[in-house]
Amino acid sequence: MKFSQFNTEVAYNNKYVLFNALQNHFLYLNPLIKELIDACRAHDDIAGLEKLHPTLFNVLKEKGFIVENDYNELQEVISIREKVDLENETFFHLTINPTMNCNFSCWYCYESHEKNSKMEFETIEKIKAFIESKINASSKIKKFHIAWFGGEPLLYFGRVIVPIIEFTSELCLKFGVEFDNGFTTNGLLINLATIEALKPYPITSFQITLDGGREEHNSVRFVNEKRGSYDEIVANIKLLCEHKRFTTLRINYTTKNLPSVVNIANDFDSMSMQHREYLSITFHKVWQEENTDLQDTVSSLIKYFRSKGLNALVGGLPDNLRNSCYADKKNHATVNYNGDLFKCTARDFTSSSSEGFIGEDGTLVWNETYYKRLDAKFKNKPCLTCSILPICNGGCSQVALENEGKDYCVHNFDENSKRRIVLEKFLKRTSVYV
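For our numbering, add 21 to where a residue sits in the sequence shown, where the first one is 1.
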């Protein structure tokens, strides 16, 4: 027997959290038990542990903290990745950008907004042809998901979104395929007419972002110098929940706007408990923010939001092996408004960065970058010996592509950062925030 390479220990509240990243199991240990495990590890004496504390030994073995000597844990990780990302032929995830234009100009946005960009009818027909090639009598697809992205997708709601949803819905109904949609939107253009138009169709979620409290948000997301957007967006979130549409409110935080975030909770005081069931709130640090000492404040905010009856969660905790990014998966494509193909939606959509194009008959014509992406994982040596590889997975395939040929770590080789992630996962699992 041997100790798993995917064990991590974290001190917490005068005890120790022991986490196995491959099995996703936690043990909460008192110091004496932790010392016993450490002593057996130091002397490579697992047999001694079995004699001294058979109950502990059996628990450690059952939960995967101790494994057989011939068990290749790394190969198990690779096998799981292949099943999740490359071998699932029953589900297809299609992301569609109706436009790259947006009615806001947020300072941190990575997209290059193209004012006159809009999906032409020819591209819409190509997308329909592709969907029909995936959903038919001989298809293995059992579930088809469309994610609406952009730019601001609702700018072309009637022109692009409605025709494609109607077409796909009818096709899925005909062939018994489960169909749903999700929207990433700034929320300003949502209204009762939009909600009614979508009423016949399965919508899993709307994701809408606020950038701090009213004043801070309006300084970032505004229509013009005299018109902010905070109050309208909050009202539209409430409207969605009133109509039983599951909505995720993403709060983007920085050092500057974090003190104002508490006010967001208060602005939902008028919302009924029944409607709050349709609202989830997640906290995400803006990617340009370098301050890493904000987590305690965020944890306190989560606790406050929950005290107000709101379902608040910490966002961005990795589970990148079994729940990998859609861009890592073979059965995913992003179609830009002009027919260019992409995988990652967290980078720009310039034609020079595209990974292919959609053909006249709806065929997805991928280029070399796409095939490199599918083969990009597990080539980074530091990842192969890292204790949190099964949850980090070396980041996403985009990160792997951008660091090709060099050693890298998405956590900057900071072991304390990795332990903090483990602790946050433990706190999330136990619903404890301090």
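We put the beta carbon where it would ideally sit given N, CA and C, even for glycine.
In this text, all values refer to a predicted model and were calculated from it rather than measured experimentally.
Query	Result
Rounded C-alpha distance that separates Asp382 from Gln26	49 angstroms
Cut-off 7 angstroms between Cβ atoms - residues of its own chain near Tyr177, not counting five sequence neighbours on either side	Pro119, Thr120, Lys139 and Met140
Assumed close pair Phe112, Lys163 - CB separation to whole angstroms, cut-off 8 angstroms	7 angstroms
Three-state secondary structure assigned by DSSP to Val38	strand
Where Ser372 falls, given that 16 or more other Cβ within 10 Å makes a residue buried	exposed
Per-residue DSSP class, three states only, for Thr371	coil
Whole-Å CB distance - Tyr251 paired with Asn239, under 8 angstroms assumed	5 angstroms
Identified DSSP bridge partners for Glu199	Lys164
Where Ala32 sits in the DSSP three-state scheme	strand
Cβ contact check for the region 392 to 412 and the region 33 to 42: 3 or more pairs under 8 angstroms	yes
Beta bridge counterpart(s) of Tyr274 as assigned by DSSP	Lys306
Cβ separation of Leu322 and Val282, assumed to be a contact under 8 angstroms, to the nearest whole Å	6 angstroms
In chain order, each beta strand (DSSP E) run of at least 3 residues that lies wholly inside the region 346 to 409	353 to 356, 361 to 363, 377 to 379 and 385 to 387
Beta-carbon contacts of Val455 that lie in its chain and below 6 angstroms, excluding the five residues immediately before and after	For Val455, the pLDDT reaches just 40, beneath the cut-off of 50, and the residue's location in the model is therefore unreliable, leaving the point undetermined.
Option nearest Phe402 by Cα separation, candidates Asn414, Lys161, Arg394 and Leu395	Here the sequence assigns Lys to residue 402, which means Phe is not the residue at that position. The candidate whose alpha carbon is nearest that of Lys402 is Asn414.
Reduced DSSP category for Thr15 - H, G, I as helix; E, B as strand; rest coil	With the chain running from 22 to 455 in the structure shown, residue 15 is simply not present.
Local Cβ density within 10 Å of His64, reported as buried at 16 or more and exposed below that	exposed
Identified DSSP bridge partners for Phe170	None, per the DSSP bridge assignment.
The beta strand (DSSP E) enclosing Ser226, as first and last residue numbers	Ile224 to Leu231
Gln96 to Arg441 span [Cα, whole Å]	26 angstroms
Sequence-distant residues of its chain with Cβ nearer than 6 angstroms to Arg327 (five each side left out)	Ala333
Contained alpha helix (DSSP H) runs [length at least 4] in the region 44 to 128, N- to C-terminal order	52 to 63, 67 to 73, 75 to 83 and 94 to 102
The region 269 to 287 contacting the region 151 to 165, beta-carbon criterion three pairs below 8 angstroms	no
Bridge partners - Arg242, DSSP secondary structure assignment	None, per the DSSP bridge assignment.
Cβ-Cβ separation, Leu53 to Cys61 (assumed contact under 8 angstroms), whole Å	No, Cys61 and Leu53 are not in contact; Cβ-Cβ is about 13 angstroms, not under 8 angstroms.
Phe204 burial status per 10 Å Cβ neighbour count (16 or more: buried)	buried
DSSP three-state assignment for Ser301, whether helix, strand or coil	strand
Complete runs of the alpha helix (DSSP H) confined to the region 425 to 454 [at least 4 residues]	436 to 451
Boundaries (first-last residue) of the alpha helix (DSSP H) holding Asn287	Val283 to Asn287
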